[in-house]
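Trainee: Have a look at this one.
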Amino acid sequence: MPKQTHTSGRTPWQVTRSVWYAMFMREAISRTMADRMGWFWMIFEPLAFTAIMVGIRGFIRGGNLIVNAEFIPWMITGLMGFFLVREGMMRGLGAVSSNSALFAYRQVQPVDPVLVRNALEGLLRTFVFMIFIVGALLLGTNMFPDSAIRAMFWWLSLWCLGMGLGLITSVAGTLVPEVATIIRMLNMPLLILSGVIFPLNQLPHWVLEYLMYNPIIHGLELLRGSFFEGYQMIHGTSAGYFWLFTLITISLGLIMHVRFKESLKAQ
Amino acid sequence: MIEVSGLYKRYHRQRKVYDWVLEDINLSFPKGVSVGLLGRNGAGKSTLLRLIAGMDTPDRGTIQRNCRVSWPIGLAGGFQGSMTGRQNVKFVARVQGGDYNVTEVIRFVQEFAELGDSFDEPIKTYSSGMRARLNFGLSLAFDFDVYLSDEATAVGDRAFRAKATKAFKDKVGKSSLIMVSHSEGILKDLCQAGVYLKDGSATWYDDINDAIAAYHEETSAVKATDSKPAVVKASGTKPQEKKTAPEPQTLAQAQQQRKQRRAEFDKAKTAFEQAKADELPSQEQEKHANAFKTARKRLHQARQRVEAMKPPS
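Chains as they are written, first to last, in our numbering: chain H, 1 to 267; chain A, 1001 to 1313.
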């Protein structure tokens, strides 16, 4: 790698910080203000989705045997946690290509828009989740986490997982467009396979054995465990596996960004 | 001070590897010296500029910049189309660091670019001239040691071009310029030294005129090999010698003279530009260039006369 030095009087950290700040402001504006009623949809979309899912489940009935957890809060925590991971992954896909004009400024690196988008997405999702919790409390549903500290911790953990996946998809999806298509296809099955809508408890053991490779299940179960005292997590849920997976994805994503920095800029 | 040593660059796209664009470039751009980059289309001028700016990395070799270098100012890139001009300017001001006051920068750019209400419209609605004006104004809002210009003055109307050239001239002493341009007048105006790029290699000339001469030699050599001399086209366009008119005595006369000379100047200019566009042999171009220069001088004199006679306001 050719060495390039430039002494502009700012440390690399200062440069990166100002890039993050500038990028965060622009992303925040384009996320919330650019679309018509961007704010409205940000809150209404998950709300509508939750309502539809609850309605469908109400019809289908059965399988509501969730130990120590009410069904609707159970589903809301699952959906919110899942969206957090999924959005982190999906936002990464377009992050590099939609900001490619900005690589004209050498301070801006391809990893910056991915990290900034993830941070912004996480903040927005946290905000929406809080609105849901407050809304549910006002409606008399017990949505308040029984262990708030643990709930926050697992919420942040899911955020980290989303970021790791986003880092990987941003590189892979930009360099190989087919990967982006496949990731978009994975979206829907992942929603069901992660135990967001249907509890996976009743599935046969041999199916679960495979499903439990999916780290999102672990994260969601642990999040629910912190929300509902005495909640029966799926057998085999492991915080260690979840964190191992998360740290590996983050490191792999960062390594890919270092390795493919130039190809990403050239895209 | 920018040091380029052992620089190699080629492009890879979709597993395909292209020929070297730049091969073993060794250059050192001294502090405070403005440099013009010359070469035919595809000679690697813009690539070199992008490499100096740090937008791209070389395949081999190093670039050392021990000063603040701008991004390449020109047509391409640097703005996100869906955001407004103001938002883009804000972004760049923030990226460039905390010692710049963002509102100051915005005010400066807004004044310089003269975009009017379009400043708050998305960039994708801009014409190329508007984009260039915005990009140019934006780069001037920051104190770079070296400005990189990729045909930045090529677009835009006459007034803006004059303004841009003046802005660059005002920066002389504080900062220098590395510019790509096909307009030799601007190169001669603004640059002291020149770099001539041909077949992937670069030659440094301490005098921009020598670089231009080398460039002419190549283009006329190309012309001579593949076509018969194209002299016929040029005849008739050359401005005629003026009859010596008496010096104007009144303001009205002076204005009349200015008007006339403006017409002469415009004619000479179009002839000269046509000659350049046709890539006529260098002797032919020289003739037009000289005629153009005389016309410019005469226009300038007439203007000065008008200015001198005008009652002080």
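We put the beta carbon where it would ideally sit given N, CA and C, even for glycine.
Anyone know if the C-beta pair for Q267 of chain H and S100 of chain H falls short of 9 Å?
Mentor: Taking 9 Å as the Cβ cut-off, Q267 of chain H and S100 of chain H qualify as a contacting pair.
Trainee: When burial is assigned at 16 or more other CB atoms within 10 Å of the CB, is E1264 of chain A buried or exposed?
Mentor: Per the 10 Å Cβ criterion, buried.
Trainee: Going by DSSP, what residue range makes up the alpha helix (DSSP H) through K1090 of chain A?
Mentor: Where K1090 of chain A is concerned, the enclosing alpha helix (DSSP H) stretches over G1085 to V1095.
Trainee: Residues bridged to A1202 of chain A by DSSP?
Mentor: DSSP lists A:L1197 as partners of A1202 of chain A.
Trainee: Can the beta-carbon of R1010 of chain A be found closer than 9 Å to that of D1059 of chain A?
Mentor: Going by C-beta atoms, R1010 of chain A is nearer than 9 Å to D1059 of chain A.
Trainee: Go ahead and label L139 of chain H buried or exposed: buried means 16 or more other beta carbons lie within 10 angstroms of its beta carbon, across all protein chains shown.
Mentor: L139 of chain H should be labelled exposed.
Trainee: Could you tell me which chain A residues have their CB closer than 7 Å to the CB of E262 of chain H, listed as they occur along the chain?
Mentor: Simply T1057.
Trainee: So, using beta-carbon positions, are A1043 of chain A and K1276 of chain A closer together than 9 Å?
Mentor: No. Outside cutoff.
Trainee: Output the distance between the C-alpha atoms of F1091 of chain A and Q1080 of chain A, rounded to the nearest integer angstrom.
Mentor: Approximately 10 Å, taken between the alpha carbons.
Trainee: Quick one: what does DSSP say K1238 of chain A is sitting in, helix, strand or coil?
Mentor: Because K1238 of chain A sits at a pLDDT of 42, beneath the cut-off of 50, its placement in the model cannot be relied upon, and the following sentence gives the value as read from the coordinates. It is coil, neither helix nor strand.
Trainee: Please list, in chain order, the chain A residues whose beta carbon lies closer than 8 Å to that of F132 of chain H.
Mentor: Per Cβ cutoff of 8 Å: no residues; F132 of chain H is ~30 Å from chain A at best.
Trainee: Report the residues of the region 1075–1099 of chain A with a CB closer than 9 Å to any CB of chain H, ordered along the chain.
Mentor: Within the region 1075–1099 of chain A, the residues whose Cβ lies closer than 9 Å to some Cβ of chain H are A1076, G1077, G1078, F1079, Q1080, G1081, S1082, M1083, Q1087, N1088, K1090, F1091, V1092, A1093, R1094, V1095, Q1096, G1097, G1098 and D1099, listed in chain order.
Trainee: Among A:D1056, A:S1005, A:D1150 and A:L1022, which one has its Cα closest to the Cα of F260 of chain H?
Mentor: Among A:D1056, A:S1005, A:D1150 and A:L1022, the Cα nearest to that of F260 of chain H is on A:D1056.
Trainee: Return the first residue and the last residue of the beta strand (DSSP E) that K1009 of chain A is part of.
Mentor: Looking at the DSSP string, the run of the beta strand (DSSP E) that includes K1009 of chain A is I1002 to R1013.
Trainee: When you compare the CB of G1054 of chain A with every CB in chain H, is at least one pair closer than 9 Å?
Mentor: With 9 Å as the cut-off, G1054 of chain A counts as an interface residue toward chain H.
Trainee: Would you call the CB atoms of F167 of chain H and G219 of chain H closer than 9 Å?
Mentor: Rather than Phe, the amino acid found at residue 167 of chain H in this sequence is Leu. No, they are not a contact pair.
Trainee: Please classify F1144 of chain A: is it buried, with 16 or more other beta-carbons within 10 angstroms of its beta-carbon, or exposed?
Mentor: The residue in question, F1144 of chain A, is buried, as its Cβ has 16 or more Cβ neighbours within 10 Å.
Trainee: Please confirm if M23 of chain H has its CB atom under 9 Å from at least one CB of chain A.
Mentor: Taking Cβ atoms only, chain A reaches closer than 9 Å to M23 of chain H, which makes this a yes.
Trainee: At the level of alpha carbons, what is the spacing between S98 of chain H and R1094 of chain A?
Mentor: Distance between the alpha carbons of S98 of chain H and R1094 of chain A: 19 Å.
Trainee: Please determine, among H:M163, H:Q202 and H:H235, the residue with the shortest C-alpha to C-alpha distance to W243 of chain H.
Mentor: Ranking the options by Cα distance to W243 of chain H, first place goes to H:M163.
Trainee: How about F1160 of chain A and G1129 of chain A: do their beta carbons lie closer than 9 Å?
Mentor: Yes; because the gap between Cβ atoms is below 9 Å, this pair is in contact.
Trainee: Since R1060 of chain A sits in a beta bridge, which residues does DSSP pair it with?
Mentor: According to DSSP, which records beta bridges pairwise, R1060 of chain A is partnered with A:Y1008.
Trainee: Assign P199 of chain H to one of two classes, buried (16 or more other C-beta atoms within 10 Å of its C-beta) or exposed (fewer than that).
Mentor: With 16 or more Cβ atoms within 10 Å of its Cβ, P199 of chain H is classed as buried.
Trainee: Using the Cα positions of I133 of chain H and V1069 of chain A, report the straight-line distance between them to the nearest angstrom.
Mentor: Looking at the two C-alpha atoms, the distance is approximately 51 Å.
Trainee: Check for me: the alpha helix (DSSP H) holding L986 of chain A runs from which residue to which?
Mentor: With chain A represented from 1001 up to 1313, any question about residue 986 of chain A goes unanswered, as that position is not in the structure.
Trainee: Starting from the Cα of F1108 of chain A, find the closest Cα among A:L1134, A:T1084, A:M1083 and A:D1117 and give me that residue.
Mentor: If we check each option's Cα against that of F1108 of chain A, A:L1134 comes out closest.
Trainee: Mind listing, in chain order, the continuous beta strand (DSSP E) runs of no fewer than 3 residues lying wholly within the region 1116–1184 of chain A?
Mentor: Complete beta strand (DSSP E) runs here, min 3: 1146–1150 and 1176–1180.
Trainee: Using a C-beta cutoff of 9 Å, does K1228 of chain A count as contacting chain H?
Mentor: Bear in mind that the predicted position of K1228 of chain A carries a pLDDT of just 47, short of 50, making it unreliable; the figure below should be weighed with that in mind. Output row for K1228 of chain A: interface = no.
Trainee: Indicate whether at least one CB of chain A lies closer than 9 Å to the CB of V15 of chain H.
Mentor: Closer than 9 Å to some Cβ of chain A, the Cβ of V15 of chain H qualifies, so yes.
Trainee: Going by C-alpha to C-alpha distance, which of A:W1204, A:T1103, A:Y1008 and A:G1074 sits closest to R994 of chain A?
Mentor: Chain A is shown only over 1001 to 1313; residue 994 of chain A falls outside these bounds and no answer can be derived.
Trainee: Could you say which of A:L1048, A:T1125, A:I1208 and A:L1251 lies nearest to S1149 of chain A if we only look at CA atoms?
Mentor: Residue A:L1048 is the option with its Cα nearest to S1149 of chain A.
Trainee: Sort H:S157, H:F129, H:L156 and H:L158 by Cα distance to F144 of chain H and report the nearest one.
Mentor: Comparing Cα-Cα distances from F144 of chain H to each of H:S157, H:F129, H:L156 and H:L158, the minimum goes to H:F129.
Trainee: For L102 of chain H, count neighbouring Cβ atoms within 10 angstroms of its own Cβ and tell me buried if that reaches 16, exposed if not.
Mentor: The residue is buried, with at least 16 neighbouring Cβ atoms inside 10 Å.
Trainee: Can you give me, in chain order, the residues of the region 1061–1073 of chain A that have a beta carbon less than 9 Å from any beta carbon in chain H?
Mentor: Answer set for the region 1061–1073 of chain A: G1061, T1062, I1063, Q1064, R1065, N1066, C1067, R1068, V1069, W1071 and P1072.
Trainee: Could you give the distance in angstroms between the alpha-carbon of T1270 of chain A and the alpha-carbon of T11 of chain H?
Mentor: The alpha-carbon atoms of T1270 of chain A and T11 of chain H are separated by roughly 51 Å.
Trainee: Just curious, the alpha helix (DSSP H) that V108 of chain H is in, first and last residue?
Mentor: Taken as a continuous stretch (DSSP letters only), V108 of chain H belongs to no alpha helix (DSSP H), as it is neither H nor E.
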